[in-house]
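Here the protein sequences line up with chains S and U, keeping their order.
According to the working numbering, numbering within the first sequence proceeds without interruption in unit steps and concludes at 306.
According to the working numbering, numbering within the second sequence proceeds without interruption in unit steps and concludes at 306.
There are 2 protein chains.
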Amino acid sequence: MKKFGIAIHGGAGVMRRKDLTPDKEKKYREGLSRSLMTGYEILEQGGSALDAVEVSVRVLEDHDSFNAGRGAVFNHEGKHEMDASIMDGANQIAGAVCSVHNVRNPVLLAKEIMLHSEHVMLCGDGAEEFARERKLQFEDDEYFFTQHRFDQLQRALGKKQMQLDDGSTKKFGTVGAVALDQSGNLAAATSTGGLTNKRFGRVGDSPIIGAGTYANNQSCAISCTGHGEYFLRIMVAYDIHALMQYKNMKLKEACEYVVMKKLVDIGGEGGLIAIDHLGNIETPFNSDGLYRAKKTSDTELEIDIY
Amino acid sequence: MKKFGIAIHGGAGVMRRKDLTPDKEKKYREGLSRSLMTGYEILEQGGSALDAVEVSVRVLEDHDSFNAGRGAVFNHEGKHEMDASIMDGANQIAGAVCSVHNVRNPVLLAKEIMLHSEHVMLCGDGAEEFARERKLQFEDDEYFFTQHRFDQLQRALGKKQMQLDDGSTKKFGTVGAVALDQSGNLAAATSTGGLTNKRFGRVGDSPIIGAGTYANNQSCAISCTGHGEYFLRIMVAYDIHALMQYKNMKLKEACEYVVMKKLVDIGGEGGLIAIDHLGNIETPFNSDGLYRAKKTSDTELEIDIY
Numbered sequence: 001m002k003k004f005g006i007a008i009h010g011g012a013g014v015m016r017r018k019d020l021t022p023d024k025e026k027k028y029r030e031g032l033s034r035s036l037m038t039g040y041e042i043l044e045q046g047g048s049a050l051d052a053v054e055v056s057v058r059v060l061e062d063h064d065s066f067n068a069g070r071g072a073v074f075n076h077e078g079k080h081e082m083d084a085s086i087m088d089g090a091n092q093i094a095g096a097v098c099s100v101h102n103v104r105n106p107v108l109l110a111k112e113i114m115l116h117s118e119h120v121m122l123c124g125d126g127a128e129e130f131a132r133e134r135k136l137q138f139e140d141d142e143y144f145f146t147q148h149r150f151d152q153l154q155r156a157l158g159k160k161q162m163q164l165d166d167g168s169t170k171k172f173g174t175v176g177a178v179a180l181d182q183s184g185n186l187a188a189a190t191s192t193g194g195l196t197n198k199r200f201g202r203v204g205d206s207p208i209i210g211a212g213t214y215a216n217n218q219s220c221a222i223s224c225t226g227h228g229e230y231f232l233r234i235m236v237a238y239d240i241h242a243l244m245q246y247k248n249m250k251l252k253e254a255c256e257y258v259v260m261k262k263l264v265d266i267g268g269e270g271g272l273i274a275i276d277h278l279g280n281i282e283t284p285f286n287s288d289g290l291y292r293a294k295k296t297s298d299t300e301l302e303i304d305i306y
Numbered sequence: 001m002k003k004f005g006i007a008i009h010g011g012a013g014v015m016r017r018k019d020l021t022p023d024k025e026k027k028y029r030e031g032l033s034r035s036l037m038t039g040y041e042i043l044e045q046g047g048s049a050l051d052a053v054e055v056s057v058r059v060l061e062d063h064d065s066f067n068a069g070r071g072a073v074f075n076h077e078g079k080h081e082m083d084a085s086i087m088d089g090a091n092q093i094a095g096a097v098c099s100v101h102n103v104r105n106p107v108l109l110a111k112e113i114m115l116h117s118e119h120v121m122l123c124g125d126g127a128e129e130f131a132r133e134r135k136l137q138f139e140d141d142e143y144f145f146t147q148h149r150f151d152q153l154q155r156a157l158g159k160k161q162m163q164l165d166d167g168s169t170k171k172f173g174t175v176g177a178v179a180l181d182q183s184g185n186l187a188a189a190t191s192t193g194g195l196t197n198k199r200f201g202r203v204g205d206s207p208i209i210g211a212g213t214y215a216n217n218q219s220c221a222i223s224c225t226g227h228g229e230y231f232l233r234i235m236v237a238y239d240i241h242a243l244m245q246y247k248n249m250k251l252k253e254a255c256e257y258v259v260m261k262k263l264v265d266i267g268g269e270g271g272l273i274a275i276d277h278l279g280n281i282e283t284p285f286n287s288d289g290l291y292r293a294k295k296t297s298d299t300e301l302e303i304d305i306y
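Quick look at the structure:
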């Protein structure tokens with residue numbers, strides 16, 4: 001049997017250790033574990049990497065601990081404004097959506113755009129109209145309400161600052177998954193609620209193919225999380241592919257160079273998850289931590305935060 | 001004196017020769033010439049590449065023949081929905097805007113986002129709110145009305161098709177500029193009204209840093225035009241940089257490889273303008289034509305369509 005595997009993340013940066021109570025930590029780990037294993041089972045049954053990453057991300061979107069879907073942060077207007085993207089490494093087709101409201105699973109919308117529109121990227125009201133045509137599930141604002149996100153917004157409004165996911169420390173909420181299936185196909189997906197108290201229709205790297213998400217069977221699949229503005233400027237996800245393709249770097253070397261050198265040089269905090277066409281997994285980060293989990297057909301489930 | 005230069009484009013693909021009357025052709029050439037020389041004069045006086053590309057693109061946005069700003073196509077709802085981006089090769093800071101209405105000069109909004117926000121990309125109503133805070137000029141719908149664009153929409157609505165810039169043949173309306181200044185700094189900018197009869201908040205490559213626009217003093221500055229969905233999937237602008245940086249390709253070789261091979265292989269029609277840090281200019285296209293003009297401190301003004 002050909003090696004297969006999957007890795008997921010629930011955002012870079014972490015809560016202060018004193019704020020991460022055993023109960024909270026348990027909830028994060030439970031969400032990461034469920035997301036990972038749901039995707040892994042698809043791969044084990046011979047399913048596609050594309051379906052695995054979509055389903056793993058949907059589990060995280062449906063969980064209220066992560067900044068995507070149900071647990072998305074509040075923007076300045078007290079709304080949840082979400083971005084997502086997905087890419088199929090077999091043919092490099094891709095779908096992306098930015099600034100949508102009330103769509104239960106933005107990653108599913110990205111996949112529908114990829115498979116059922118002539119386009120790669122849709123945004124705002126127009127994207128929601130497409131979601132309705134495709135009969136995707138919408139939820140009211142109440143579904144997206146979480147007390148701790150609301151408290152974060154109040155703190156951010158009080159300080160008149162746009163804030164990262166959590167006010168208490170740098171935490172970049174995003175979720176993502178990358179997978180290699182038994183047919184040798186790679187895929188990647190990313191989804192986020194962005195920044196607490198964000199204004200002006202701000203879009204980060206998560207919905208940008210080549211910045212937050214990229215997959216190519218020739219090289220690797222990547223999903224990023226971090227201070228999106230920096231990831232956008234240096235095309236983090238595509239750059240790792242380019243280093244492998246054009247400079248013959250191994251996945252590990254390319255990841256180290258981009259995350260620990262290029263991003264650090266410009267002050268870009270965050271990390272990413274990556275899997276190559278051989279099933280090697282890397283989860284580099286230059287932030288305090290990265291909520292992550294991984295499993296391959298050869299290795300046991302691993303869940304880590306710091 | 002150090003060599004400097006600028007190139008601009010007014011979109012890939014061309015009208016059928018029989019439709020391009022001498023009057024129309026004269027108007028296109030006049031617009032291209034004015035745009036180019038306005039930017040060139042800035043460079044000649046020692047101004048920055050960044051200012052030159054912004055001003056050259058503004059001239060094309062203010063001209064009603066090109067699909068950007070004033071001449072932007074109508075979307076399905078009969079509105080003008082515009083995208084733009086700009087990048088400074090000296091420090092790789094960038095600004096981008098998508099799906100804005102009634103902003104007179106989207107490229108100027110992209111530059112304001114780059115220089116006066118914490119962000120790279122803003123979209124929709126939020127981006128317009130930011131434009132108002134920055135006191136940018138807005139115009140009413142009438143300003144953007146052009147009879148031939150309106151006729152294009154009626155034809156597209158009649159055929160129930162989303163269409164490229166012109167219904168009569170494949171024409172991808174976008175405008176852009178790339179420049180090298182006397183200090184050795186590169187910059188690139190792109191602006192578009194997208195596709196006639198477009199729906200669902202469709203976003204192409206023009207506002208995506210790394211896809212439609214990229215600049216890096218180490219390599220080159222690029223502005224693309226074409227069927228955006230294909231340019232998005234293979235990160236055309238960043239890919240040319242990566243080939244130069246990682247495979248030591250010359251500008252010409254990298255441009256040929258990406259436009260005439262990689263894009264052609266996936267069916268992606270269009271072209272781009274490029275200038276490298278030595279002042280070499282390339283304007284490759286795999287479409288019938290590319291509205292373009294160029295001039296360096298060593299060479300005369302050249303304007304070409306086919």
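For every residue, glycine included, the Cβ atom is placed at its ideal position computed from N, Cα and C.
In this text, all values refer to a predicted model and were calculated from it rather than measured experimentally.
Using the beta-carbon of each residue, which ones in chain U are nearer than 8 Å to residue 246 of chain S?
242, 243, 246 and 247
If you run the structure through DSSP and keep just helix, strand and coil, what is residue 231 of chain S?
helix
Distance between residue 175 of chain U and residue 9 of chain U (C-alpha atoms, nearest Å)
5 Å
Would you check if there are 3 or more beta carbon pairs closer than 8 Å linking the region 278 to 292 of chain S to the region 174 to 194 of chain U?
no
Rank S:264, S:71 and S:253 by C-alpha distance to the C-alpha of residue 219 of chain S and give the top, closest one.
S:253
Would you mind working out which of U:71, U:150, U:245 and U:234 sits nearest residue 104 of chain U, comparing C-alpha positions?
U:71
Looking only at its chain, what residues have a beta carbon closer than 6 Å to the beta carbon of residue 121 of chain S, apart from the 5 residues adjacent to it on each side?
96
Pick from U:125, U:286, U:132 and U:182: whose alpha carbon is nearest that of residue 98 of chain S?
U:125
Residue 114 of chain S versus chain U: which residues are under 9 Å apart at the beta carbon?
None at all; the shortest Cβ gap to chain U is about 10 Å.
Classify residue 306 of chain U as buried or exposed, calling it buried when 16 or more other Cβ atoms lie within 10 Å of its own Cβ.
exposed
May I have the straight-line CA-CA distance separating residue 107 of chain U from residue 245 of chain U, to the nearest angstrom?
27 Å
Mind checking whether residue 194 of chain U and residue 81 of chain U have CB atoms under 8 Å apart?
yes
Which of the three DSSP states is assigned to residue 236 of chain S in this structure?
helix
Starting from residue 260 of chain U, find everything on chain S with Cβ-Cβ shorter than 9 Å and list it in chain order.
Result: empty, since nearest Cβ-Cβ is about 18 Å, beyond 9 Å.
Closer than 7 Å by C-beta to residue 40 of chain S: which residues in its own chain qualify, once you throw out the five before and the five after it? Chain order, please.
6 and 295
Looking at chain S, is there any beta carbon in it that lies within less than 8 Å of the beta carbon of residue 121 of chain U?
yes
Burial state of residue 61 of chain U (16 or more Cβ within 10 Å)
buried
Complete runs of the beta strand (DSSP E) confined to the region 76 to 142 of chain U [at least 3 residues]:
82 to 88, 93 to 100 and 121 to 123
Excluding the 5 residues flanking residue 4 of chain S on each side, which residues of the same chain have their C-beta closer than 6 Å to its C-beta?
43, 180, 181, 182 and 297
Quick one: which residues of the region 202 to 215 of chain S get their C-beta closer than 7 Å to a C-beta of chain B? List them in chain order.
Judged by its chain identifiers, the structure shown contains no chain B, and its protein chains are S and U.
Test item: CB-CB of residue 132 of chain S and residue 73 of chain S under 8 Å
no
Given this structure, state the Cα-to-Cα distance separating residue 293 of chain S from residue 86 of chain S, to the nearest angstrom.
19 Å
Roughly how many angstroms lie between the CA atoms of residue 275 of chain S and residue 221 of chain S, to the nearest whole one?
5 Å
The beta strand (DSSP E) spanning residue 291 of chain U covers which residue range?
290 to 296
Between residue 129 of chain U and chain S, is there a C-beta pair that is closer than 8 Å?
yes
Among residues of its own chain, excluding the 5 on either side of residue 259 of chain U, which ones have a beta-carbon nearer than 7 Å to its beta-carbon?
271, 272, 284, 285 and 286
Using CA coordinates, which residue listed in S:67, S:225 and S:83 is at the minimum distance from residue 144 of chain S?
S:67
Could you give the uninterrupted runs of the beta strand (DSSP E) lying entirely in the region 26 to 81 of chain S, keeping only those of 3 residues or more?
none
Indicate the three-state DSSP secondary structure (helix, strand or coil) for residue 276 of chain S in the structure shown.
strand
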